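A short write-up of the structure that comes next.
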Amino acid sequence: MESIFNEKLIRTKLKDFDSPDRLALSHEYFINSAIVFLIIPYNDKPYDLVLIRRTKRTTDKHSGEMSFPGGKFDHTLDTSYLDTALRELDEELGIPRNQVSILGCIDDHLTPKGFIITAFVAFINQDTKMVKQDSEVKEIVTIPITFFADKKKFRERTYKLKDDLIGVGKYNYFSPDNKKYVIFGATSHIIVNFIDTVYTLGLMTPGCRRINCEDIKDRIIS
7 MESIFNEKLI RTKLKDFDSP DRLALSHEYF INSAIVFLII PYNDKPYDLV
57 LIRRTKRTTD KHSGEMSFPG GKFDHTLDTS YLDTALRELD EELGIPRNQV
107 SILGCIDDHL TPKGFIITAF VAFINQDTKM VKQDSEVKEI VTIPITFFAD
157 KKKFRERTYK LKDDLIGVGK YNYFSPDNKK YVIFGATSHI IVNFIDTVYT
207 LGLMTPGCRR INCEDIKDRI IS
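Under our numbering, read the sequence shown as residues 7 to 228, first letter to last.
Below you can see the structure in the form of structure tokens.
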């Protein structure tokens with residue numbers, strides 16, 4: 007795959023938010039949220055993805071996990087899901103929206119905890135300053151895209167649901183100083199979705215699918 011940042015290629019492969027070809031999920035029992043799939047490009051090496059380790063909080067369902075910057079849609083603050091994603095990026099990492107270049111969207115993602123996630127793919131300049139909000143972000147972690155595109159690094163557990171095969175993905179990343187980061191669930195699948203959309207590598211097991219609204223609706227309602 008082409009690991010050096012190619013803005014034209016990525017824009018061509020992604021979809022506009024309101025494109026009829028993009029999977030846009032909506033359900034009355036689910037919570038809409040938005041994230042920024044943030045890229046740092048370089049001229050002479052593979053581009054990085056920017057992830058965060060969330061601060062442990064009892065009020066956060068994803069406390070302590072690895073994720074992308076983002077959060078729930080707030081109708082009192084946001085007029086769109088893009089507003090949500092950029093507001094949260096500014097709050098969590100101190101990056102104002104005028105320093106963010108949006109490339110497009112990938113398909114919406116559903117989590118077993120009842121969240122529908124809209125992912126906006128974007129990039130910032132490599133010298134853009136990031137300042138984490140300690141109450142929400144424990145750590146900022148940058149990881150090369152080549153790590154996630156390596157099929158040997160992607161781990162997938164499968165299980166049967168009715169007559170379908172469901173896949174649950176995970177990555178174990180070790181930093182240069184040998185610190186371990188586990189990237190799983192929605193975050194790993196959003197990354198896989200991006201890689202498959204842009205580079206068509208086919209990381210998931212053939213025949214596998216992700217859960218959908220009907221799979222977990224009854225559990226969420228109860």
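Beta carbons: idealized from backbone N, C-alpha and C, even for Gly.
Quick caveat, the model's predicted, so the values are computed rather than measured.
Nearest CA to the CA of Y53: which residue from F23, R216, M7, L88? M7
Own chain, CB closer than 6 Å to A125, minus 5 neighbours either side, in chain order: These residues qualify, in order along the chain: I41, F43, I112, I196.
Using only alpha-carbon positions, find the residue among T134, G213, R216, D80 that is nearest to I105. Note that residue 105 is Gln in the sequence shown, not Ile. Ranked by how close their Cα comes to the Cα of Q105, the residues T134, G213, R216, D80 have T134 in first place.
Neighbour-count burial assignment, G76, 16 or more Cβ in a 10 Å radius: buried
So what does DSSP say about S228, is it helix, strand or coil? Any reading at S228 must be qualified, since the residue scores a pLDDT of 49, below 50, and its modelled position is unreliable; the value itself is stated next. Reduced to three states, the DSSP call for S228 is coil.
Taking the straight line between their C-alpha atoms, what separation do you get for V188 and M210? Rounded to the nearest angstrom, the gap between the Cα atoms of V188 and M210 is 18 Å.
Rounded to the nearest angstrom, what separates E13 and L109 at their Cα positions? 8 Å
Rounded C-alpha distance that separates N131 from K159: The alpha-carbon atoms of N131 and K159 are separated by roughly 27 Å.
Check whether chain B comes within 8 Å of T148, counting only Cβ atoms and requiring the distance to be less than that. Chain labels in this structure do not include chain B; a single protein chain is all it has.
To the nearest angstrom, how far is it from the Cα of K176 to the Cα of F190? 4 Å
Member of T206, A128, L57 whose CA lies at the smallest distance from the CA of K138: When T206, A128, L57 are compared, the shortest CA-CA separation from K138 is found for L57.
S39, buried or exposed, once every other Cβ within 10 Å from all chains shown has been counted against 16: buried
Bridge partners for H115 per DSSP, in chain order? I123
Candidates I217, I16, K62, P26: which alpha carbon is nearest D140's? K62
Tell me which residue opens and which closes the alpha helix (DSSP H) that K19 is part of. 13 to 19
What's the call for S86, buried or exposed, on a 16-neighbour Cβ count within 10 Å? exposed
Would you mind stating whether T193 and S73 have Cβ atoms separated by less than 8 Å? yes
Using the Cα positions of L116 and Y48, report the straight-line distance between them to the nearest angstrom. 31 Å
Inter-residue spacing [alpha-carbon to alpha-carbon] between L99 and M136: Cα-Cα distance, rounded: 5 Å.
Classify S228: buried if its beta carbon has 16 or more other beta carbons within 10 angstroms, exposed otherwise. With a pLDDT of 49 at S228, under the threshold of 50, the predicted position of this residue should be treated as unreliable, though the coordinate-derived value follows. That one is exposed.
Under the rule that 16 or more other beta-carbon atoms within 10 Å means buried, what is I201, buried or exposed? buried
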